[in-house]
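Asker: Just so we're aligned, residue 1 is where the first sequence starts under the UniProt record's numbering, counting upward by one.
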Amino acid sequence: MKTLTLSEKELPFDLDLTFSCGQIFGWKKSGNIWKGVHNGRIITIRQDNRTIRYSGCDKKVLYHFLGLKDNIPEIYQSICTHIAKFTHEKQDLFFLERFLLSKGIRILRQDPWECLFSFICSSNSNVRTIGKRIGLLMENYGTCCSIGENLFPEPLAMGAIDEESLRKCLTGYRAPYLMGTAEYIITHPDFFLKISSLSYPDAKKELMILPGVGPKVADCVLLFGFERMEAVPVDIRIRKIITAQYQDIIPGEKGTKTLSYDTIADFCRSYFGPYAGYAQQYLFATRDVRQELSV
DNA sequence: ATCCAGGTACCCA
DNA sequence: TGGGTACATGGA
């Protein structure tokens, strides 16, 4: 195990919250140690206050993966500045409360394929089931590292599976999505490079070419896999929160009609600013989620 | 049992 | 372009 100590500008950081808030799947905690796959390697991480112990990668990779370069106080300031500009009020107490509950979260920098694979698996399921599903897929089709330690399935492996056996891994109707997307990645080897080079709106359109990738999954992949902090995944929970808390201040949206995906996401970008993705994650990941997951 | 879950594809007006 | 609906399945 290697060790590093978090400096003042790398705080706050909460490993548990970061790994259990629904942005990454397939990681397991035993004792105090989190273990999982990042970029084709098995990594273990534990946190004791400001001490991080880790294995499986070098310090540079870990820093990048964990988003430790992000300056959280600056990000929070940026968000507050944009809120104040939007509302002409001093502060948003609702958001402040949510932020204080989950400020230790970092937006991870996941491997694009691992992230894409995960969020195709995520549709219309709860966080716990998604984790199980991805665990099964890794056990059955992931490259074996050592006994009991598998990586994510490679696109080539996914393309070669018959749908019937894939459906046995709790994938259900998502099975053809996984296979179709794998096939597309195989036949377009520069796909992720292309996504990196495109603007946020164009990258999102391009991702949505893939089967099983709609606006929500595309935003998750852009936020968690491509560092696009302006991406705002709108799921049921975010929809409920924005509707209940902010619908009245969205221009032209006062009333009872349901808000469209883009209305919610665009509002978040204009309300929270360029770090809307972080703001979204603070709203999404409250303490109840943490309790729900910490079994 | 019934409803819900980090949705998407497809159909129809 | 926008609004229903089917889809699989574990959890609560």
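Where is the CB? At the ideal position from N, CA and C, for every residue including glycine.
1) With C-beta atoms as the reference, is W34 less than 8 Å away from I45?
2) Would you call the CB atoms of K132 and L170 closer than 8 Å?
3) Cutting at 6 Å between CB atoms, please list the residues of its own chain near I185, excluding the five before and the five after it.
4) Going along the chain, which residues of its own chain have a beta-carbon closer than 6 Å to the beta-carbon of D16, five neighbours each way excluded?
5) Would you mind reading off the limits of the beta strand (DSSP E) that contains C145?
6) Determine the direct distance from the alpha carbon of S78 to that of L96, and round the result to whole angstroms.
7) Is DSSP giving W113 helix, strand or coil here?
8) Count the other CB atoms, across all protein chains shown, that sit within 10 Å of the CB of G214; report buried if there are 16 or more and exposed otherwise.
9) Identify which residue in R167, G22, G159, L193 has its Cα closest to the Cα of G180.
10) Does the ligand GDP have a heavy atom nearer than 7 Å to the CB of E227?
11) Would you call D248 buried or exposed, if buried means 16 or more other Cβ atoms sit within 10 Å of its Cβ?
12) Under three-state DSSP, which class holds D235?
13) By DSSP's criteria, I45 is part of a beta bridge. Which residues make up the other side?
14) Identify whether R167 lies in helix, strand or coil by the three-state DSSP scheme.
15) Going by DSSP in three states, L101 sits in which element: helix, strand or coil?
16) With a cut-off of 8 Å on the beta carbons, I'd call R53 and M1 a contact; round off their distance for me.
17) Could you check how far apart the C-beta atoms of G26 and I134 are, in whole angstroms? I think they sit under 8 Å.
18) What is the DSSP secondary structure of T258, reduced to helix, strand or coil?
19) Does N140 come out as helix, strand or coil in the three-state DSSP assignment?
20) Determine, using beta carbons only, whether E163 and P176 come nearer to each other than 8 Å.
21) Decide if A265 is buried, meaning its Cβ has at least 16 other Cβ atoms within 10 Å, or exposed.
22) Only counting runs of 3 or more residues, tell me where the beta strand (DSSP E) segments fall wholly within the region 6-32, in order along the chain.
23) Check whether the Cβ atoms of residue 301 and Q280 lie closer than 8 Å to each other.
24) For the putative contact between C115 and F224, defined by C-beta atoms under 8 Å, what is the C-beta separation to the nearest angstrom?
25) In angstroms, rounded to a whole number, what distance separates the CA positions of L293 and H38?
26) Under a Cβ-count criterion, where at least 16 other Cβ atoms within 10 Å of its own Cβ denotes burial, should I209 be classed as buried or exposed?
27) Can the beta-carbon of Q110 be found less than 8 Å from the beta-carbon of I238?
28) Count the other C-beta atoms from every protein chain shown that fall within 10 angstroms of the C-beta of R128, then say buried if there are 16 or more, exposed otherwise.
29) F284: which of R167, P233, E89 sits nearest, CA to CA?
Answerer: On the basis of the data shown:
1) Less than 8 Å separates the beta-carbon of W34 from that of I45.
2) Yes, Cβ-Cβ distance for K132 and L170 is below 8 Å.
3) Taken in chain order, the residues that qualify are P155, F191.
4) Closer than 6 Å at Cβ, skipping near neighbours: no residue.
5) Residues 144-146.
6) Rounded to whole angstroms, L96 to S78 spans 13 Å at the Cα level.
7) In this structure, W113 counts as helix in the three-state DSSP scheme.
8) Classification of G214: exposed, given that the 10 Å Cβ count is below 16.
9) Of all alpha-carbon atoms in R167, G22, G159, L193, the one lying nearest the alpha-carbon of G180 is that of G159.
10) The ligand GDP is not part of the structure shown, which contains no ligands of any sort.
11) Counting Cβ neighbours within 10 Å, D248 comes out exposed, since fewer than 16 surround it.
12) DSSP places D235 in the coil class of the three-state scheme, outside both helix and strand.
13) Beta-bridge pairing links I45 to W34, Y54.
14) DSSP places R167 in helix when its eight states are reduced to three.
15) Here L101 carries a helix assignment [DSSP, helix/strand/coil].
16) Confirmed, Cβ separation roughly 5 Å.
17) The Cβ separation is near 4 Å, so the contact holds.
18) Here DSSP, grouped into helix, strand and coil, assigns T258 to coil.
19) N140: helix per DSSP, three-state reduction.
20) Judged by their CB atoms, E163 and P176 are nearer to each other than the 8 Å cut-off.
21) The C-beta of A265 has 16 or more other C-beta atoms within 10 Å across all chains shown, which makes the residue buried.
22) Counting only runs of 3 or more, we get 28-30.
23) Coverage of the chain is limited to positions 1 through 295, which leaves residue 301 absent and any answer about it impossible.
24) The Cβ separation is near 5 Å, so the contact holds.
25) At L293 the pLDDT is 37, less than 50, meaning the model places this residue with poor confidence and gives no usable figure here.
26) Sixteen is the threshold: since fewer than 16 other Cβ atoms of the shown chains lie within 10 Å of the Cβ of I209, the residue is exposed.
27) No. Outside cutoff.
28) When all chains shown are included, R128 counts as exposed.
29) That would be P233, whose Cα lies nearest to the Cα of F284.
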